[in-house]
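In my numbering, the protein residues as written are 29 to 418.
Quick look at the structure:
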């Protein structure tokens with residue numbers, strides 16, 4: 029009996045030509061295609077979420093939502109709009125971490141989506157140019173001097189407690205003054221729960237006056253400006269407070285001298301955890317209140333490693349101290365600490381920003397630039413119209 033002839037299938041044609049393949053080959057190809065599709069589908073996940081307007085407590089409809097792929101940098105992977113119920117959906121083409129950004133009235137809000145995340149809800153707020161519920165919790169100025177240069181940092185902790193909660197945003201959203209002759213080295217801003225990002229203050233028409241064009245979202249926002257300026261051994265400083273503050277703080281190396289101006293209410297504080305520092309505090313200040321002072325002399329504020337080494341040399345009292353800048357700041361259990369209620373803003377606030385990558389003016393050569401550790405910015409302008417609203 030003659031063998032059964034093989035069965036062929038015509039599977040492709042091009043320019044009038046056809047190819048034939050044995051049925052086993054065809055089945056093998058189908059199986060391979062199925063496996064490939066299955067593997068691809070295993071990585072394809074759906075990320076859903078809802079954007080809620082925290083001002084109105086209603087769904088935020090027709091807002092832009094952007095999916096950002098996090099890896100070597102930040103890459104926009106997809107963009108969509110919320111539906112009438114505030115919902116959005118993305119198809120993830122990889123299993124890596126992502127960031128979800130919602131844009132409401134030109135201001136961005138973010139939610140991390142670690143690997144495996146299938147839902148991410150965000151809260152946004154209506155924008156007002158001016159809000160009554162803005163207050164300054166702390167205004168801190170740190171100085172150190174070496175040779176003919178003075179180095180300084182000014183930090184603000186700003187609280188937005190508007191009710192109902194709104195975001196304040198305008199072209200001069202937070203204004204402040206720097207000493208005459210100051211040159212800005214680095215400036216950063218940070219929203220509560222976020223990461224510090226570079227945010228350059230904009231010089232205003234009035235000399236030495238600057239403005240951050242950065243949204244004041246509900247909750248706390250921190251601003252930090254590092255600067256340097258010529259120094260002859262003495263400097264008079266008038267902070268010209270544009271906002272009342274719970275605490276206005278001046279911090280110097282103990283080798284420098286502080287002289288309060290007429291009509292000021294500074295009180296000297298001793299910090300048992302940073303014995304090399306001289307700290308002056310004026311509490312519950314008002315707009316226009318006299319806060320002028322004069323500093324003189326020279327000296328450097330010790331960095332964290334030096335403080336820790338000094339504590340260990342004194343008998344191990346620094347055991348258990350957090351090695352991060354601003355870390356391990358709690359007072360000994362058996363020692364009263366007069367700075368306890370100010371500590372977070374004098375040192376802890378700086379530590380929070382510094383640990384995340386801001387500027388620290390510890391012992392740098394007079395001609396060298398400040399050491400800066402850059403962190404990848406989380407907030408990137410969404411559109412040209414919102415270029416400075418990050």
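From the three backbone atoms N, C-alpha and C, an ideal C-beta is built for every residue, glycine too.
Selection from the options that minimises the alpha carbon distance to residue i
i	options	result
residue 244	257, 274, 193, 265	193
residue 159	152, 96, 195, 146	195
residue 85	237, 203, 152	152
residue 231	225, 223, 240, 224	240
residue 205	223, 238, 190, 258	238
residue 203	190, 183, 213, 189	183
residue 255	210, 289, 247, 272	210
residue 310	277, 212, 257	277
residue 163	223, 247, 155, 252	247
residue 267	318, 225, 258, 294	318
residue 312	320, 233, 293, 297	293
residue 120	110, 131, 74	74
residue 110	101, 104, 102, 130	130
residue 197	116, 242, 214, 234	242
residue 225	142, 235, 214	214
residue 161	291, 257, 189	189
Residues bridged to residue i (per DSSP)
i	result
residue 104	96
residue 324	262, 285
residue 185	166, 250
residue 109	92
residue 127	96, 140
residue 174	177
residue 226	216
residue 190	Beta-bridge pairing links residue 190 to no other residue.
residue 78	115
residue 150	79
residue 195	155
residue 87	80
residue 319	Its beta-bridge partners do not exist; DSSP assigns none.
residue 73	120
Separation of residue j from residue i, as counted between CA atoms
i	j	result
residue 220	residue 127	17 Å
residue 177	residue 99	40 Å
residue 87	residue 200	30 Å
residue 250	residue 123	33 Å
residue 140	residue 308	40 Å
residue 118	residue 144	13 Å
residue 332	residue 304	Low local confidence applies: a pLDDT of 48 at residue 332 is under 50, so the model's placement there is unreliable, and no value is given.
residue 134	residue 327	45 Å
residue 208	residue 97	43 Å
residue 390	residue 179	Unreliable positioning characterises residue 390 in this predicted model, as indicated by a pLDDT of 37, which lies under 50. A coordinate reading is not provided.
residue 175	residue 228	27 Å
residue 216	residue 106	28 Å
residue 137	residue 218	13 Å
residue 154	residue 330	44 Å
residue 157	residue 325	43 Å
residue 357	residue 297	Any answer about residue 357 is weak, because its pLDDT of 28 lies below 50 and its placement is not dependable; what the coordinates show is given next. So the alpha carbons of these two residues sit roughly 15 Å apart.
residue 281	residue 260	17 Å
residue 172	residue 271	25 Å
residue 212	residue 315	24 Å
residue 289	residue 269	14 Å
residue 95	residue 187	29 Å
residue 80	residue 170	40 Å
residue 275	residue 306	16 Å
residue 82	residue 295	41 Å
residue 101	residue 108	21 Å
residue 258	residue 233	22 Å
residue 147	residue 114	13 Å
residue 104	residue 286	51 Å
residue 235	residue 291	24 Å
residue 116	residue 142	18 Å
residue 366	residue 273	Only weak support is given to the placement of residue 366: the predicted model assigns it a pLDDT of 46, under 50, and the question is left unresolved by the model.
Residue i and residue j closer than 8 Å at C-beta
i	j	result
residue 165	residue 262	no
residue 284	residue 168	no
residue 89	residue 112	yes
residue 222	residue 149	no
residue 265	residue 320	yes
residue 181	residue 253	yes
residue 132	residue 91	yes
Pick out the complete beta strand (DSSP E) segments inside the segment 228-314, 3 residues or longer, and give them in chain order. You should have 237-240, 247-258, 262-265, 273-281, 284-288, 295-297, 305-313.
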